[in-house]
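Taking our numbering, the leading residue of the sequence shown gets 118, the next gets one more, and so forth. Virtual Cβ for every residue (Gly too), placed ideally from N, Cα, C.
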Amino acid sequence: MKLLLLLLLSTWLIASTLHLSASSNPARLNPLIATDSASSSIAGFLFNSLVKYDKTGQKIIGDLAESYRFVTPTVIEFKLRRGVKWHDGRAFSARDVLFTYNLIKSPQTITPYASDFRVIKNVIVIDPYTLRVVYEKPYFKALEVWMMGIVPEHILKSEKDIMGSKFNTRPIGTGPYTLKTLEFSKQIVLEANPNYFEHRAKIDRIVFHVISDPMTRFLMLKSGQIDVDGLDPMQYERQLDPSFHTKFATLELPSHSYTYLGFNLRLKKFQDPRVREALSLAIDRQALIDILFFKHGNVCTGPFLPGSKGFNDEVKPPQRNLIRAKALLKAAGYDSDHPLEFEIATSNSNAIRPYAAEILQRQLLDVGVKVTLRVMEWQAFLNTVVAPRKFDTVLLGWSLSLTPDPYALWHSQSDVPGGFNLVGYHSKKADRLIETMENSTDAEKIASLQRQIFREIVSDNPYLFLVIPNQINVYSRHISGIKPTINGIWEDYIDWEKK
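In structure tokens:
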């Protein structure tokens, strides 16, 4: 017995461990309902999808699917990998894919991802390793929707309450890591899956340290207690000494995300387009980049990012014009005797956003707008502000896929509980453009329609589009096998090794 204990202890001591941070507790580790960044990040290690992007971000390749083909423009046939096991040892099959589809479409599953599957007519299991997906019409994201994690039928088929299921904190996936322990507000431990279908990950264990305070995370990174993380620009420019760069390598890339101030369009004061335009003209976006981002970013001009086919370079960022902003506010009924007042709500899980809110507050005061601030812990912010839509404005960010779908954020039908149309944006013209785009498979027509959608949304000002921050990644030089790509550093992480 002593020998066995010694062997187990020695195995634990020599096992390689990758230390990461999470700014908040994961809400649910079920990929179908994981909408916060902590849940999505961790679930990514636990689950696989049918397909994924290759390292260039230009081609879609198989993941759980060994191959796929378009039988017709509205029918895709997937051939699945054989020998894939769930973490509990049960075999993965086409029935799990069918079950995942039915679950995500169920009215009991409150998820914004359901909109991606709305044009699917049927999913047909041909045999355990073959299935066909039939679409009602050609759909430009027919393949991309299957980048959703697949969940196990044998675990969840009898579940009556998917939103409250124990599976959400004790998930069973097919991914390269399994969940070992989940201690809220402390740490989440993942262990390498010995039966992973590609091969066992070379790093034995991943530990996510749950640290809500950005400064504590930064200090842990500098001391070497965290191996891979992101830096905010102030940390990178002002708070590192030369010794840090001997221990960590740095990769800076434009992020696939943007920061915005969203208006609750359900409120009367924000339904007047003159008010929204005035607020847009009252702020200085470049000042945010210069002061908070130390020029590590660019002004965001709309809902699609530069480099994407839907980006409209003819739409220029608004230039600050205090005279025009005051005139618009006066026309809308606001002046020094009756000032416009509202609250900006945001979370402290992002170190920069509370400071951004303060700068916006000061800038808007220049046109007589009185802004109060509410900064909250992330989970409380989600549960009491975002989910019930109890806000005047929210300062938030979106991460976009390589093929962004405007339906989820901007179509009026996405203004539902659990949907991503947080601000309640309704535009018949935008709806029509989005629907026309989604019925097309012609790449040039889709790009043209996306550029029109871009212009229409920007002209309506449902958001103040603010900043596209650069992503500053740092990683320990003790880790080998990292091969940065246009998508970042996480490609081939199962081949990383730690000295």
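query = In this structure, does DSSP put Y252 in helix, strand or coil?
reply = It is a strand residue.
ask   = Hey, V511 and G605 are a contact pair by Cβ (cut 8 Å); roughly how many whole angstroms apart?
value = Not a contact, Cβ separation roughly 26 Å.
task = Evaluate the contact criterion for the segment 298-314 versus the segment 171-179: three or more CB pairs, one atom per stretch, below 8 Å.
result = no
query = Taking the continuous beta strand (DSSP E) assigned at I193, which residues delimit it?
reply = Per DSSP, I193 is one residue of the beta strand (DSSP E) stretching across V192 to L197.
request  = Just mark L125 as buried or exposed, buried being the case when its beta carbon has 16 or more other beta carbons within 10 Å.
outcome  = Only weak support is given to the placement of L125: the predicted model assigns it a pLDDT of 44, under 50, and the value that follows is read from those uncertain coordinates. So L125 ends up on the exposed side.
query = Which whole-angstrom value is the C-beta distance of L181 and T291, which I expect to be below 8 Å?
reply = The distance from the Cβ of L181 to that of T291 is about 7 Å, consistent with a contact at the 8 Å cut-off.
inquiry  = Just list the residues that DSSP pairs L439 with in beta bridges.
reply    = The partner list for L439 (beta bridge, DSSP) is empty, contrary to what the question assumes.
ask   = Exposed or buried, which one is S372 when buried takes at least 16 other CB atoms within 10 Å?
value = By the neighbour-count rule (16 or more Cβ atoms within 10 Å), S372 is buried.
query = Based on Cα-Cα distance, which residue from H136, S141 and L135 lies nearest to L499?
reply = S141
message = Given a cut-off of 8 Å on the beta-carbon distance, is the pair P359 and I589 in contact?
response = no
message = Could you tell me the alpha carbon to alpha carbon distance between G424 and V540, rounded to whole angstroms?
response = In this model, G424 and V540 are separated by some 26 Å (Cα to Cα).
Range covered by the alpha helix (DSSP H) that runs through A155 = From DSSP, the alpha helix (DSSP H) with A155 extends over S154 to L163.
inquiry  = Between N578 and E394, how many whole angstroms is the CB-CB distance? I'm expecting something under 8 Å.
reply    = Contact holds; Cβ gap of about 6 Å.
key: K426 versus A564 - alpha carbon distance   = 5 Å
ask   = Would the beta-carbon of R391 fall within 8 Å of that of A449?
value = yes
request  = Indicate whether I150 and T226 have their beta-carbon atoms separated by less than 8 Å.
outcome  = yes
inquiry  = Taking the alpha carbon of L370 as the reference point, which residue from Y592, G414 and K507 has its own alpha carbon closest?
reply    = G414
message = Measuring CB atoms only, is the segment 314-329 touching the segment 251-269, in the sense that at least three cross pairs come out at less than 8 Å?
response = No, because fewer than three Cβ pairs between the segment 314-329 and the segment 251-269 fall closer than 8 Å, the two stretches do not touch.
key: For V591 and G347, the rounded distance between their alpha carbons   = 6 Å
query = In whole angstroms, what is the alpha-carbon distance linking P435 and L482?
reply = Taking the straight line from one Cα to the other gives about 18 Å.
key: Anticipated Cβ contact below 8 Å, K339 with F361, distance rounded   = 6 Å
query = When the Cα of Q567 is compared with those of I289, P523, E354 and P269, which residue comes out closest?
reply = P523
message = Taking contact to mean 3 or more Cβ pairs, one atom from each stretch, closer than 8 Å, check whether the segment 544-557 and the segment 283-303 are in contact.
response = Taking 8 Å as the limit for Cβ pairs, the verdict is that the segment 283-303 does not touch the segment 544-557.
message = Quick check on this structure: which residue in K412, S133, E494 and V192 has the alpha carbon closest to the alpha carbon of E617?
response = Within the shown structure, residues of the chain are numbered from 118 to 616, placing residue 617 beyond reach of any answer.
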